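In the working numbering, the protein residues as written are 0 to 111.
Here is the structure we will look at.
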Amino acid sequence: MNTDEEPIAKRRKMAKKRKARWLARQNQESLDRIHAVDVAACGRRIEAETPAQSHARRERDAAAHSRRIERQTPDLFQASVKIYTKTSEVQGKLLNNEKLHTECCLPRGFFE
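Listed below in structure tokens is the structure:
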């Protein structure tokens, strides 16, 4: 008796797996179609922009991108490489520790 039930359970299990794969494939195809429609609409909208609108959109996108990067980057990596600016013309040695801070992706205490 037990041998008769095992193939039935096995078939049910395989049918469930097949159905799950089919549903996943259908969902992905639907998402791909939706994405293609969105991309086409965005392309048409960008093509219909005037140069001034295009410039404003690019500025907004650049500002949003920089804000997103600032949020994702910890304070440790925000900016600042120290460049020594005052050097002795004769000996080529440092006269003092005046430094210029520039934007970079190195940690703040990297050179200290």
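Virtual Cβ for every residue (Gly too), placed ideally from N, Cα, C.
The model shown is predicted, which means the values in this text are computed figures rather than measured ones.
TODO: Go to residue 58, then tell me how far its alpha helix (DSSP H) extends in each direction, as first and last residue.
DONE: 50-71
- [ ] Pick helix, strand or coil for residue 47, following the three-state DSSP scheme.
- [x] coil
- [ ] Kindly give me the distance between the Cβ atoms of residue 48 and residue 56, rounded to whole angstroms, as I take these residues to be in contact under 8 Å.
- [x] Yes, residue 48 and residue 56 are in contact; Cβ-Cβ is about 7 Å, under 8 Å.
Task: Straight-line Cα distance separating residue 33 from residue 53 - done: 25 Å
Task: residue 23 versus residue 14: straight-line alpha-carbon distance, rounded - done: When rounded, the distance between both Cα atoms is 14 Å.
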